Amino acid sequence: MTVPVISITDLFHPPEDPGIDLLMAYGLPEVDLRAVILGEKRSPVPGLVGPRDPGVVAVTQLNAIFGREIPFAWCPFARMRDPNDRMCDAPPSQQRGIELLIHALADSPEPVHLLSFGSARPLAVAYNRAPEVFREKVARIHLSASTTVDPQAIIRVVDAGLPLSLYPHSADDMYDRHNTSWTLPDLKWIEDMHPWLRRYLGYALGGSSRPDFLRALEEDAPADVMADIYHRTHSVRETAVWMQVAGRVLVRRTDGCHAIIPAAEVSAGQTVIRNEQVPCTVRATPDGLYEFDLGGDGQTTVFIRDDPVEYEQAMIDAMPALYKSFRPSGLS
């Protein structure tokens, strides 16, 4: 059985976010990816980052690598004016992401899981336009979106009354039990990925601006560029979401090594390290944040782990092997 998924993600071009999380959507056999909705463009940040457009290049590259034709489009660039904003006055090209999201839901024969990273704006605007479609066709919203990109969108999604799973992440509370964030000490493991995927991440993490982005998948990036990438640390917050949706768990094997495996494959002697959702009640605040209390009927849930440091060390050990197992276009 596969899980129908629509991913709402904050990929950009020229590359800023490497889209490591979107590799899960294409690589995990449990995931049936129906559409990718791209977030807003990013304005220049003096001294930090230049202007960025939605990451159409990244999705085109992944479609080419995996031999897929996943539809994609982008959403309105401006912030919502209030929680009920339908944004019908956005330019036509910025309407297509909202339209794709609604039609992908409406056309699905079964309920779909919506995974939201970056901005919750596409979710909120699409819900405002087609609430009946959402109530009928949304299995669950998995909200890992920033609460600062569009506060009005967070208010709309949290108050919509739909099945909702929360995945908090904050640099200020990185080792909180409800925070999904953790840090990879390096990216050396990318060297052992399938060449097409290694080149995809080299293009993204190297911040490449070369226009022949498909040919770039056929050529290794310069050695000095890859050496710099391999020595970087990398903050991760999305893995917990994909594990939850795919029904995968983090385990410690009898030899002390860790792995991310299907829950049905856990065997005697293996210890499951908590990566769960537990019931809660949630309320949006006027500034576009949300607060939660544990307990409830399960309509709304929140991420929890036990020892955040133990969790981080286990994920550092387990995650690279999962990514190295991905094979493009059904290659063995």
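Per this note's numbering, residue 22 is the first one in the sequence shown, and the count goes up by one each step. Idealized CB from N, CA, C, for every residue including glycine. Given the structure is predicted, the values throughout are model-derived calculations rather than measurements.
Can you list, in chain order, the residues of its chain whose CB lies under 6 angstroms from that of residue i, leaving out five sequence neighbours each side?
| i | result |
| --- | --- |
| G319 | P300 |
| V170 | S140 |
| R150 | R107 |
| V78 | H34 and F234 |
| S229 | none |
| G60 | D31, G139 and S140 |
Between which two residues does the alpha helix (DSSP H) holding residue i run?
| i | result |
| --- | --- |
| H124 | P113 to A127 |
| W263 | T260 to A267 |
| I211 | Looking at the DSSP string, I211 is not in any alpha helix (DSSP H), and its letter there is neither H nor E. |
| G48 | I41 to G48 |
| G223 | P216 to L226 |
| A248 | A244 to Y251 |
Grouping DSSP H, G and I as helix and E and B as strand, with all else coil, what is residue i?
| i | result |
| --- | --- |
| V78 | helix |
| E239 | helix |
| Q150 | The question names Gln, but residue 150 in the sequence shown is Arg. Helix, per DSSP. |
| I91 | coil |
| R177 | helix |
| D338 | helix |
| V323 | strand |
| F155 | helix |
| S256 | strand |
| R142 | helix |
| V170 | coil |
Checking 8 angstroms against the spacing of the C-beta atoms, do residue i and residue j come in under that value?
| i | j | result |
| --- | --- | --- |
| V266 | Y188 | no |
| I162 | A305 | no |
| A56 | F93 | yes |
| R100 | Q173 | yes |
| F347 | H255 | no |
| T23 | D53 | yes |
| L218 | I337 | no |
| L83 | L43 | yes |
| H134 | P283 | no |
In or out: residue i buried (at least 16 other Cβ within 10 Å) or exposed?
| i | result |
| --- | --- |
| V146 | buried |
| P112 | exposed |
| A244 | exposed |
| P50 | exposed |
| G182 | exposed |
| P75 | buried |
| N296 | buried |
| S96 | For the record, residue 96 in the displayed sequence is Cys; it is not Ser. C96 comes out buried. |
| P152 | exposed |
Please report the residue range of the beta strand (DSSP E) in which residue i lies.
| i | result |
| --- | --- |
| Q298 | E297 to A305 |
| Y311 | Y311 to L315 |
| A280 | H279 to P283 |
| D18 | The structure shown has nothing for residue 18, since the chain only spans 22 to 353. |
| A160 | V159 to A166 |
| L185 | L185 to L187 |
| S28 | V24 to T30 |
| V133 | V133 to G139 |
| T201 | It is not in any beta strand (DSSP E) - T201 carries neither H nor E in the DSSP assignment. |
| V287 | Segment: none, V287 is in no beta strand (DSSP E) and carries neither H nor E. |
Leaving out five residues before and five after residue i in sequence, what residues of the same chain have Cβ atoms less than 7 angstroms from its Cβ?
| i | result |
| --- | --- |
| H252 | D207 |
| V246 | G223 and G227 |
| R258 | S165, H190, T201 and S202 |
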